[in-house]
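Number of protein chains: 2
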Amino acid sequence: MIKKRVSLKDIAQKVGVSTALVSYVLNGKEKEARVGEAAAKRIKKVAAEMNYQPNLIARGLKFGKTHTLGLIVADISNPFFAMLARIIELEAQKRGYTVLFGSSDEQLEKSQNLINTFLNRQVDGLIITPVAGSQAQIEELRNKGVPFVLMDRGFSEIETNAVVTDNHDAMYNAVKLLIRNGYKKPGIIAYDTTLTHMIDRIAGYKDALKDSGIKFNSKWLAKVPYGNYKEHVAAALDGFLDAKGRAVDSLVFATNSISVQSLKVIHARGIKVPQDLGVISFDESDVFDFFYSSITYIKQNLQSISENTVQSLMQSIDSRSKKYTKITVPSVIIKGESSSRRTTRGL
Amino acid sequence: MIKKRVSLKDIAQKVGVSTALVSYVLNGKEKEARVGEAAAKRIKKVAAEMNYQPNLIARGLKFGKTHTLGLIVADISNPFFAMLARIIELEAQKRGYTVLFGSSDEQLEKSQNLINTFLNRQVDGLIITPVAGSQAQIEELRNKGVPFVLMDRGFSEIETNAVVTDNHDAMYNAVKLLIRNGYKKPGIIAYDTTLTHMIDRIAGYKDALKDSGIKFNSKWLAKVPYGNYKEHVAAALDGFLDAKGRAVDSLVFATNSISVQSLKVIHARGIKVPQDLGVISFDESDVFDFFYSSITYIKQNLQSISENTVQSLMQSIDSRSKKYTKITVPSVIIKGESSSRRTTRGL
DNA sequence: TATTTTTGCTTAAACGTATAAGCTTTTACT
DNA sequence: AGTAAAAGCTTATACGTTTAAGCAAAAATA
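Right, here's the structure in full:
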């Protein structure tokens, strides 16, 4: 037996007034609506007794505003997105919003399905980590005037709200660090995608080489597909590190998942870090603590990314303006031993 | 400029019929409602042209059913819960449901807030990993007749729907394995909580000792608080492994987070596994691949837990019955070298 | 006392949807 | 031809909420 939730009507009947009066009182509009003191008191008392809770669905219908956000990440089981999701939920809650979520799995169709579902559920706005090739989906949102913010990655072709790490800068500094520490042939393993975060990271890598007077060698760049990336990362490493004359003397990894997988392979192959191979990772991981050499990594500011994303979305929702803002969040490099031939252990 | 979504009314006006007719047609009730062929055709055509999408909020209000679930986990940024969340979302989606989520952070107040918020948003049901001491919250749900399922943990005092791993069995087998492999003094590190999953795991541990004729020594059991557990885990390990005569010769860890943290400490302290200390973990982790000894661990069936949870909730929603079902999901032990003094490397 | 103002409430309409019930007009049957 | 049945639509109502507009009675003003 489901107990019926108490509605304004129930309270109105019990008190013997109209639902309008109850609504005025419970919304604190007693003054504007000139509600009598006695009635107001009785209504409040009865509402409390019956433990009245407003039906937000009905309110949502009335106002065309649900105070709900849709969050579409690539994969919620990826710790990076899970952390973002956690903070976003918190920030949303602070502002009276609740979060619907879904994983696109980097698949166009799933992404579109989630967008449609969320829109049909009348979310007030969307936070999206767009999948490769989803420009049309995003552009449609723009045309419809749906408030949304891209997070973690964006498209260079479309002007949108977006909050991303300063990826070029992050990678530029990482590679510069390697070079400063004496490495001559830094390589990079990245995902094979047109999404801006990858493009920017690769560009940062290349610019760091150029500014250091090192000529980029296409053999230093490995692009692996997102699907079964684990095998491809292993293969890429084998390519870099084959017996006769190593192609690279150091590596930066363009994402968290690539970092962890690469370290696994390096660990299994028994490659000496940083002597035989310098290494810099993207994002933190528990596994770093088990690597015999402390890992240098690029630390994204997840808190700032999430906060700015929610903030930007709120502005978009409130203002309904056509102005788009791109926010770039700085990252820092946490220095370990993995990026320095002259090991600083004991310093 | 937000473009107004097209409603039944818009279609009705364009076609020149009543909204009722449009509704009948678009819901495939042309036969029952005896709608003329010509009109039906025009309505469908216009609906497609205008790209009509039903407003699920309005439907929700009409039917008192939103096809939305609330998912409350302890912490979405914990990989264990993130994995569950991922599968639950998928299973929910298969059934036409969308998921609202939130992290309780093991805090009573947050848990209650999330429950309230979700109920006010008229979710059709809740999936909850209950926090310690939340019996009253859960019981209130029961009294209200809200469909819900507890996941991962439950309460022995309250009869509810619940889907949990067979925790007693899992831990029993793990400890038995240690003993079979020659360990005489198996210890355990667990969280200090009254939640059933911990109680059951500890009971499984004790029963395995008893059935093996080993007398339980209270020094073998360390209960650490959930807050700043990392320090407490380190302290517990120091207690177990102090210089003069080790208190235990092997350890089982009662959760994923305790496992990872313990392995970090063991790794940092340079303790030999499995020679000086046998080890069995709960749940998988990326970090296992970096440990010099392959880790034996209890592998919960996350897929089955999630599927059963959603399934059970659906039944609860559909039947509205007072019957509660408890589902226990078996786990398996993945054997590595960490639990065996006689290392089986090369076998 | 007659009029205006204020007070305290109710009615009605709306959001978008679904559906029972009702109302014409056409078709079928005797 | 006259009635019954079937076809094809519309109207009305509801879900729970909000809020403008309206109405009657009391209080204030002239």
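These protein sequence lines are chains A and Y, in that order.
Sequential numbering from 1 applies to the first sequence in the working numbering.
Sequential numbering from 1 applies to the second sequence in the working numbering.
All C-beta atoms, glycine included, are put in the ideal place defined by N, C-alpha and C.
Values in this document were obtained by computation on a predicted structure and should not be read as measured data.
Interface residue (Cβ-Cβ distance to chain Y less than 8 Å): Phe253/A is not classified as such. DSSP, read as helix, strand or coil, puts Phe148/A in strand. The continuous stretches of alpha helix (DSSP H) do not include Ile271/A, and DSSP gives it neither H nor E. Considering only Gly133/A, Phe118/A, Asp192/A, Gly96/A, the residue with the shortest C-alpha distance to Asn113/Y is Gly96/A. Interface annotation, Pro79/A: in contact with chain Y, CB-CB separation under 8 Å. Secondary structure of Phe291/Y (DSSP, three-state): coil. In the three-state reduction of the DSSP assignment, Lys230/A falls in the helix class. The beta carbon of Val123/A is closer than 7 Å to those of Thr66, Thr68, Leu69, Gly70, Leu100 in its chain, skipping five residues each way along the sequence. In the DSSP annotation of this structure, the continuous segment of the alpha helix (DSSP H) that includes Thr19/Y starts and ends at 19-26. Contact between the segment 151-170 of chain A and the segment 327-337 of chain A is present, with at least three C-beta pairs closer than 8 Å. Annotation for Ile334/A: Tyr297, Lys299 place their beta carbon closer than 6 Å to its own, counting only its chain and skipping 5 residues before and after.
Val35/Y and Asn161/A have their C-alpha atoms roughly 46 Å apart. Only residues of its own chain outside the window of five on either side were considered, and among them Val99 have a CB closer than 6 Å to the CB of Glu89/Y, listed in chain order.
Interface residue (Cβ-Cβ distance to chain A less than 8 Å): Pro54/Y is classified as such.
Bounds of any alpha helix (DSSP H) do not take in Tyr297/A; it lies within the beta strand (DSSP E) bounded by 296-299. For secondary structure counted as the beta strand (DSSP E) over 3 or more consecutive residues, the segment 146-199 of chain A holds these complete runs in sequence order: 148-151, 162-165, 186-191. Taken through DSSP and simplified to helix, strand or coil, Ser104/Y comes out as coil. Of the candidates Ala268/A, Val287/A, Gly227/A, the residue whose Cα lies closest to the Cα of Asp192/A is Gly227/A. Ser285, Asp286, Val287, Asp289, Phe290, Phe291: these are the residues of the segment 269-302 of chain Y whose beta carbon lies less than 8 Å from some beta carbon of chain A, given in chain order. Membership of Thr328/A in the beta strand (DSSP E) is indicated by the continuous run 326-329. For Val46/Y, the enclosing alpha helix (DSSP H) stretches over residues 37-49.
Against chain A, the beta carbon of Gly60/Y has neighbours under 8 Å at Ile57, listed in chain order. Remark: C-beta atoms of Leu108/Y and Val73/Y do not approach each other more closely than 8 Å.
Judged by their CB atoms, Ile214/Y and Ile188/Y are not nearer to each other than the 8 Å cut-off. For Leu277/Y, no alpha helix (DSSP H) encloses it, and the DSSP letter there is neither H nor E.
Judged by DSSP in its simplified three-state form, Ser250/Y adopts strand.
Remark: C-beta atoms of Tyr229/A and Ser257/A approach each other more closely than 8 Å. Interface annotation, Ala82/A: in contact with chain Y, CB-CB separation under 8 Å. What Ser103/A touches in chain Y, judged by beta-carbon distance under 7 Å, is Arg86, Glu89, going in chain order. The beta strand (DSSP E) runs of length 3 or more contained entirely in the segment 64-111 of chain Y are, from start to end of the chain, 68-73, 98-103. Here Glu139/Y is near Ile158/Y, since their CB atoms are less than 8 Å apart. Between the segment 274-293 of chain A and the segment 169-178 of chain A there are three or more C-beta pairs closer than 8 Å, enough to call the two in contact.
Taking 8 Å as the upper bound for CB-CB distance, Ser77/Y and Arg86/A are in contact here, some 4 Å apart.
Taking 8 Å as the CB threshold, Gln107/Y stays off the interface with chain A. Sequence-distant Cβ neighbours of Asp10/Y in its own chain, meaning closer than 7 Å and more than five residues away, are Met50.
Contact annotation: Leu61/A and Ile57/Y have beta-carbon atoms nearer than 8 Å.
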